[in-house]
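Q: Read left to right, the sequence shown gives residues -28 to -1, 1 to 304 (mature numbering (1 follows the signal peptide of the UniProt record, and there is no 0)).
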Amino acid sequence: MTRSGKLTSPVVLLVLLSVLCVAAISVAADVDKYSFPAFDANTTDALVAATNRSVLQPAQLLFRGDQFFPEVNASEGFLLLAATVDVWSSGSGADDSAGSVGPRIVTGPVRPAREASFNTSFTVGISSSASPVSFVILPDRYPTFNNPVGLRGANGSAQATGAEPNATDGLVHVQVGAVRSYEPESPDVGLNVTITPNTTAAAVAQSAPGSRRAVWIEYDAADHRLRVYLGAGGGESRPPRALLEEPLNLAASTTRDALVGFFAGAVRDAIVGVRDWDLTVDRLDDGDGKKGTSWVVILVSVLGSLAATAAIVSLVVCCLVSRRRCRNPSDS
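This is the structure we're talking about:
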């Protein structure tokens, strides 16, 4: 029976590895992913275009041949996911009362039960005519129409001046701040990461015609840190070191469900300027069953995978035992 003992260890190891793989797959699937290689007539059906005067849904209507909405293309505005994204889930200390920009903004030092980490990446063009674009996270309602200060706020820019951190790699400038589109009642909400291509002749000369710059933005909810990376736009991996790293408590500045997308001085600047947009957000279970993967589904998936693994292991064991008996007919 010595040989059967030798057989047990690899089988047990195989089972353990299979269980770990199943667990890893379950964890990896617990995120929401969005991907837009480009903004065009085929991809913008899940997006919304919002300006100071209108909301166009789906943004796909901007690509109609009859051009019913030319003013939207030319107006400053947002290009956003049509569905909101869960930023945090409420806990015992969360403030669920209505606020000036919408419900459920967390106030004070108490943290919500869970916050979602996210990472997003996209590319922007580098040329003398390239326009700034901002990655934004907004509260769960659009800014008030016909706001006299516009979507950039009273200071006339997409972000506040002064205290916001700034960074540059020579080809692109990065500025992190709040969204100003809800002034005057709520001047500091959400997240605004503005990417401004350096359009000086010297900067443009450093890059080949048609070249692009890649941007990675990551939010670590556990550490409340925001990191911005810049790199070449040719499909290269994210650089190991962040160009900009700042503390950020996103739950304190936006609603539980948030609007996510881009802002530009003209909606068409976001449509034309942004490429290869990918967004991955932790999936949160907010207690109402709308988000997250059901434990029943997970259990069935795990048990199903384990059953398949057990069947495979049993087959391997039978084959090995059968071979051993063929070689040693006297064994019993």
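Positions of the beta carbon are idealized from the N, C-alpha and C atoms, including for glycine.
If distances are taken between C-alpha atoms only, which option among Ala88, Val144 and Phe90 comes closest to Ser100?
A: Closest by alpha carbon: Val144.
Q: Do the stretch 231 to 251 and the stretch 40 to 58 make contact, defined as three or more Cβ pairs closer than 8 Å?
A: Enough Cβ pairs lie closer than 8 Å, so yes.
Q: Do the CB positions of Arg199 and Glu208 come within less than 8 Å of each other?
A: No; because the gap between Cβ atoms is not below 8 Å, this pair is not in contact.
Q: Since Val20 contacts Gln29 with CB under 8 Å, what's their CB separation in whole angstroms?
A: About 5 Å separates the two Cβ atoms, so the contact holds.
Q: Tell me which residues share the same chain as Gly276 and place their Cβ nearer than 7 Å to its Cβ, disregarding the 5 neighbours each side in the sequence.
A: At Gly276, the pLDDT of 40 sits below 50, so the modelled position is not reliable and the matter cannot be decided from this model.
Q: Rounded to whole angstroms, what's the CA-CA distance from Thr171 to Ala85? Just pull it up for me.
A: Straight-line Cα distance between these residues: approximately 44 Å.
Q: Give the straight-line distance between the Cα atoms of Gly261 and Val57, rounded to the nearest whole angstrom.
A: Its pLDDT being 46, under 50, Gly261 is placed unreliably by the model, and the measurement read from it follows with that caveat. Computed Cα separation, rounded: 15 Å.
Q: Whose C-beta lies closer than 6 Å to the C-beta of residue 330 among residues of the same chain, with five residues either side of it excluded?
A: The question about residue 330 has no answer here: the residues shown for the chain are numbered -28 through 304.
Q: Figure out for me which residue from Ala18, Asp2, Asp254 and Val244 has the closest Cα to the Cα of Phe94.
A: Phe94 has its Cα closest to that of Val244, out of Ala18, Asp2, Asp254 and Val244.
Q: Which runs of the beta strand (DSSP E) fall wholly inside the stretch 84 to 162 and span at least 3 residues, in chain order?
A: Entirely contained in the stretch 84 to 162, the beta strand (DSSP E) runs reaching 3 residues are, in chain order, 90 to 97, 105 to 110, 138 to 140 and 144 to 151.
Q: Just to confirm, is the Cβ distance from Leu52 to Gly233 under 8 Å?
A: Contact flag set, yes.
Q: Let me make sure I understand the geometry here. Which of Arg184, Arg25, Tyr154 and Ala194 has the alpha-carbon closest to that of Ile167?
A: It is Arg184.
Q: Which residues in the same chain have their Cβ closer than 7 Å to the Cβ of Thr252, if we skip the five residues on either side of it in sequence?
A: Cβ within range, chain order: Val3, Lys5, Phe90 and Asn91.
Q: By the DSSP assignment, the alpha helix (DSSP H) with Glu43 in it spans what residues?
A: Here the alpha helix (DSSP H) through Glu43 covers Pro42 to Ala46.
Q: Determine contact between the stretch 171 to 182 and the stretch 211 to 221, defined as no fewer than three beta-carbon pairs at a distance below 8 Å.
A: With a cut-off of 8 Å, the stretch 211 to 221 and the stretch 171 to 182 do not count as touching, because too few Cβ pairs lie within range.
Q: At the level of alpha carbons, what is the spacing between residue 320 and Asp12?
A: In this structure the chain extends from -28 to 304, so residue 320 is not present and cannot be described.
Q: Going by C-alpha distance, which of Asp254, Glu155, Phe35 and Ala139 is nearest Leu110?
A: Ranking Asp254, Glu155, Phe35 and Ala139 by Cα distance to Leu110 puts Glu155 first.
Q: Which whole-angstrom value is the C-beta distance of Val246 and Gly162, which I expect to be below 8 Å?
A: The Cβ separation is near 18 Å, so there is no contact.
Q: With respect to the alpha helix (DSSP H) encompassing Asp4, which residues constitute its N-terminal and C-terminal limits?
A: Per DSSP, Asp4 belongs to no alpha helix (DSSP H); it is in the beta strand (DSSP E), Val3 to Phe8.
Q: Checking the sheet assignment: what are the DSSP bridge partners for Ser61?
A: Beta-bridge pairing links Ser61 to Arg86.
Q: Work out the CA separation of Thr23 and Ala10 for me, nearest whole Å.
A: Roughly 21 Å separates the two Cα atoms.
Q: Can you look up Gly205 in the DSSP assignment and give me helix, strand or coil?
A: DSSP places Gly205 in coil when its eight states are reduced to three.
Q: Taking the C-alpha atoms as reference points, what is the distance between Asp17 and Ala204?
A: The straight-line gap from Cα to Cα measures roughly 29 Å.
Q: Roughly how many angstroms lie between the CA atoms of Asn119 and Arg152, to the nearest whole one?
A: Roughly 11 Å separates the two Cα atoms.
Q: For the beta strand (DSSP E) that Asp248 lies in, which residues bound it at each end?
A: That run of the beta strand (DSSP E) goes Val246 to Asp254.
Q: Among all the DSSP beta bridges, which residues are the ones paired with Phe50?
A: DSSP, once it has assigned bridges, lists Ala22 and Phe235 as partnering Phe50.
Q: Of the choices Ser106, Asn138 and Leu222, whose alpha-carbon is the least far from that of Trp249?
A: The option with the nearest alpha carbon to Trp249 is Ser106.
Q: Please report how far the alpha carbon of Leu202 lies from the alpha carbon of Ser225, in whole angstroms.
A: Distance between the alpha carbons of Leu202 and Ser225 is about 25 Å.
Q: Which two residues bound the contiguous beta strand (DSSP E) that contains Ala186?
A: Segment Arg184 to Asp192, the beta strand (DSSP E) holding Ala186.
Q: For residue 309, does the count of other Cβ atoms within 10 angstroms reach 16, so buried, or fall short, so exposed?
A: In the structure as shown, the chain begins at -28 and stops at 304. Residue 309 is therefore absent and cannot be evaluated.
Q: Output yes or no for whether 8 Å exceeds the beta carbon distance between Val96 and Pro181.
A: No, Cβ-Cβ distance for Val96 and Pro181 is not below 8 Å.
Q: Checking 8 Å against the spacing of the C-beta atoms, do Ala186 and Glu87 come in under that value?
A: No, the Cβ-Cβ distance between Ala186 and Glu87 is not below 8 Å.
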